[in-house]
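Peer 1: Sharing a structure here in structure tokens format.
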Amino acid sequence: MPIPQDRGTVTGNPLVSHAATLVGVLVGIALPTYLQLEPGKAMAFAVFCLLLAWIVIDGTLAARWRWASRTRRDEAPAIFWRRIGTKLVGLAALFGVVVIACSVFPLFTQSSAVQWIIEAGHTTIPIFIALAGTTILYVVATDLVAEEPDDYLNQVGRAVMMQDFREEDALFALRLLAIKCFFLVLMFSGGMSALSDLADKPAWAFPPLSAAWFEGLLRLAFLLDTVLAAGGYIATFKLFGWHIRATETTALGWLVCLICYEPFFPAISHAFVPYGEGPGWETVIREGSAVFILWSVATLFCTVIYVWATVAFGPRFSNLTHRGIITSGPYRFIKHPAYVSKNIAWWLFAAPSFIASGLAEGLARAGMLAIVSLIYVMRARAEERMLSRDPAYRDYAESVAAHGLLAMAKRRLAPTAPRV
């Protein structure tokens, strides 16, 4: 199937892509766990396996098509190499900003990801040298196949060298850098913590259908999600069509997204919406009972849907960005399956505790969780406003409205009367 150069809707075989994603992430988690690698190396290995699976299955085909269909430009070699040099200057400047940010802000300096990189620095020098050489080759190859080689990287380089540049491209580069830097450090650190938990308390070490067993499976699902997300923030390769086409530009869009993550959400939830502070579910539901098993399976099912949504994104997963419209997996049926399933899981997990708290306190804590769900509604609306600038998303939204899960439910509940 032809691959458009900058397609708005992601095409290809979704089953193959989803299978490759699952294989990559599961192998990447299983091998370092078996080899008992320390969390930093284990997380790096997991992300590497995931990227390798994506490149082999999806990236190689896209790169070959782009190379075969590239438009040969009639320009002097001096102009080409001058532009490559400018792009490398821009890339070096952006990397310098990352190093400064990770060396100054406590959010980064205190993260386990940055601390591990610093501690392992002397052993990773050959890797960084190899990455530097690969990066130069990648910049050259991407420039050769690009329809418009004068991209934001070239504009950042021009800005650094005090030449005329497009301000909107420089601002786009800074937004992109902030998104990748913040979320990659967050996801890598979260993955390290989850891998450590997996080594200490694996689900299979507990009796099946016990509370500890279900909690272990939930931790495993969280680990899968964080590894997939970390891979997505790294895999913004334009050569493979995984690049960021647009970013969120509104303050509200950034606010309702960032407030859902550390360090913002723990502070806000503790101060304003401490819905989780109360009696445990075991005061209402006895462990091992039929109700407990059904309730736990329902919670776990919602979590699986949430991870499935991340799998459907594949290498294009990212917050606050547009990297292609996903129409496969659970996105065939609903526009925001991750948010819906995550919030249902939270309500299922917290509801027994609300009941055990008594009427007044239970209603108050339920209202606090409702505020959290409202934040996700606002987040979904902000994403829709950003993506709706792309006609491909508007077509997708119309398709879901006509054929999605809610449309199917309406047709079953209120079937159209036959014409006489």
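Under my numbering, the first residue of the sequence shown is numbered 50, with each subsequent residue one higher.
Glycine included, C-beta positions come from ideal geometry on N, C-alpha and C.
Since this is a predicted model, take the numbers as computed values, not measurements.
Report yes if the C-beta of isoleucine 104 is less than 7 Å from at least one heavy atom of the ligand COA; otherwise report no.
Peer 2: You won't find the ligand COA in this model; it holds no ligand whatsoever.
Peer 1: Can you list, in chain order, the residues of its chain with a C-beta nearer than 6 Å to that of alanine 476? Leave out the 5 residues immediately preceding and following it.
Peer 2: Nothing can be reported for residue 476: it is not among the residues displayed for the chain, which extend from 50 to 469.
Peer 1: How long is the line joining the alpha carbons of methionine 435 and alanine 446, rounded to whole angstroms?
Peer 2: If I take the Cα positions, the gap works out to 13 Å.
Peer 1: Counting beta carbon pairs with one atom in the stretch 201 to 210 and one in the stretch 137 to 144, are three or more of them shorter than 8 Å?
Peer 2: yes
Peer 1: If you check the beta carbons only, do arginine 365 and arginine 294 fall under 8 Å apart?
Peer 2: no
Peer 1: Under a Cβ-count criterion, where at least 16 other Cβ atoms within 10 Å of its own Cβ denotes burial, should alanine 450 be classed as buried or exposed?
Peer 2: The residue is exposed, with fewer than 16 neighbouring Cβ atoms inside 10 Å.
Peer 1: Please state the DSSP three-state secondary structure of threonine 359.
Peer 2: helix
Peer 1: If I measure Cβ to Cβ from isoleucine 317 and keep anything under 8 Å in the same chain, skipping five residues before and after, which residues do I get?
Peer 2: Here isoleucine 317 has Ile308 as same chain residues with Cβ atoms under 8 Å from its own Cβ, once five neighbours each way along the sequence are excluded.
Peer 1: Classify alanine 394 as buried or exposed, calling it buried when 16 or more other Cβ atoms lie within 10 Å of its own Cβ.
Peer 2: buried
Peer 1: From what residue to what residue does the alpha helix (DSSP H) around histidine 452 run?
Peer 2: Counting along the chain, the alpha helix (DSSP H) containing histidine 452 begins and ends at 440 to 452.
Peer 1: Are the C-beta atoms of isoleucine 334 and some chain D residue less than 8 Å apart?
Peer 2: In the structure shown, chain D does not exist; there is a single protein chain.
Peer 1: Measure the C-alpha to C-alpha separation of valine 209 and isoleucine 149 and round it to an integer number of angstroms.
Peer 2: Their Cα atoms are separated by approximately 16 Å.
Peer 1: Rounded to whole angstroms, what is the Cα-Cα separation between leucine 225 and threonine 296?
Peer 2: 7 Å
Peer 1: Does the Cβ-Cβ distance between alanine 361 and serine 377 come in under 8 Å?
Peer 2: In terms of Cβ geometry, alanine 361 and serine 377 form a close pair [threshold 8 Å].
Peer 1: Residue range of the alpha helix (DSSP H) that cysteine 98 falls in?
Peer 2: 88 to 103
Peer 1: Helix or strand or just coil, what does DSSP make of histidine 319?
Peer 2: helix
Peer 1: Rounding to the nearest angstrom, what Cα-Cα distance links cysteine 151 and tryptophan 116 in this structure?
Peer 2: 36 Å
Peer 1: Since histidine 371 sits in a beta bridge, which residues does DSSP pair it with?
Peer 2: Looking at the DSSP assignment, histidine 371 forms a beta bridge with Ala295.
Peer 1: What's the C-alpha gap between valine 153 and tryptophan 165?
Peer 2: 16 Å
Peer 1: Could you give the uninterrupted runs of the alpha helix (DSSP H) lying entirely in the stretch 118 to 161, keeping only those of 4 residues or more?
Peer 2: 126 to 153 and 155 to 158
Peer 1: Among Phe350, Gly240 and Lys287, which one has its Cα closest to the Cα of aspartate 192?
Peer 2: Lys287
Peer 1: Restricting to Cα atoms, I'd like to know which of Thr370, Gly265 and Tyr380 is closest to threonine 348.
Peer 2: Closest by alpha carbon: Gly265.
Peer 1: Would you tell me roughly how many angstroms separate the C-alpha atoms of methionine 457 and isoleucine 383, rounded to the nearest one?
Peer 2: 11 Å
Peer 1: Closest to phenylalanine 97 by C-alpha separation, out of Ile174, Val276, Pro256 and Trp114, would be which residue?
Peer 2: Val276
Peer 1: Going by beta carbon distance, what residues of the same chain come within less than 6 Å of histidine 292, once the five residues before and after it are set aside?
Peer 2: Thr285
Peer 1: Using the Cβ count rule (16 or more neighbours within 10 Å means buried), how would you classify tyrosine 83?
Peer 2: Exposed, by the Cβ-count rule.
Peer 1: Tell me the rounded alpha-carbon separation between phenylalanine 289 and phenylalanine 232.
Peer 2: In this model, phenylalanine 289 and phenylalanine 232 are separated by some 21 Å (Cα to Cα).
Peer 1: Hey, could you find the ends of the alpha helix (DSSP H) lysine 391 is sitting in?
Peer 2: 386 to 405
Peer 1: Looking only at its chain, what residues have a beta carbon closer than 8 Å to the beta carbon of leucine 454, apart from the 5 residues adjacent to it on each side?
Peer 2: Phe382 and Ile383
Peer 1: Specify the secondary structure class of asparagine 62 as computed by DSSP and reduced to three states.
Peer 2: coil
Peer 1: In three-state terms, what does DSSP make of serine 377?
Peer 2: In the structure shown, serine 377 adopts coil according to DSSP, grouped into three states.
Peer 1: Among Ala413, Thr359, Ala400 and Ser338, which residue has its Cα nearest to the Cα of serine 66?
Peer 2: Thr359
Peer 1: Just verifying my parser: in three-state terms, what is the DSSP assignment at serine 345?
Peer 2: helix
Peer 1: Judging by CA-CA distance, which residue of Met211, Leu99, Asp249 and Arg119 is the nearest neighbour of leucine 75?
Peer 2: Leu99
Peer 1: Who are the near neighbours of phenylalanine 255 in its chain, counting only those whose CB is closer than 7 Å to its CB and skipping five residues on each side?
Peer 2: Ala261, Trp262 and Gly265
Peer 1: Restricting to Cα atoms, I'd like to know which of Ile228, Leu186 and Leu244 is closest to glycine 281.
Peer 2: Ile228
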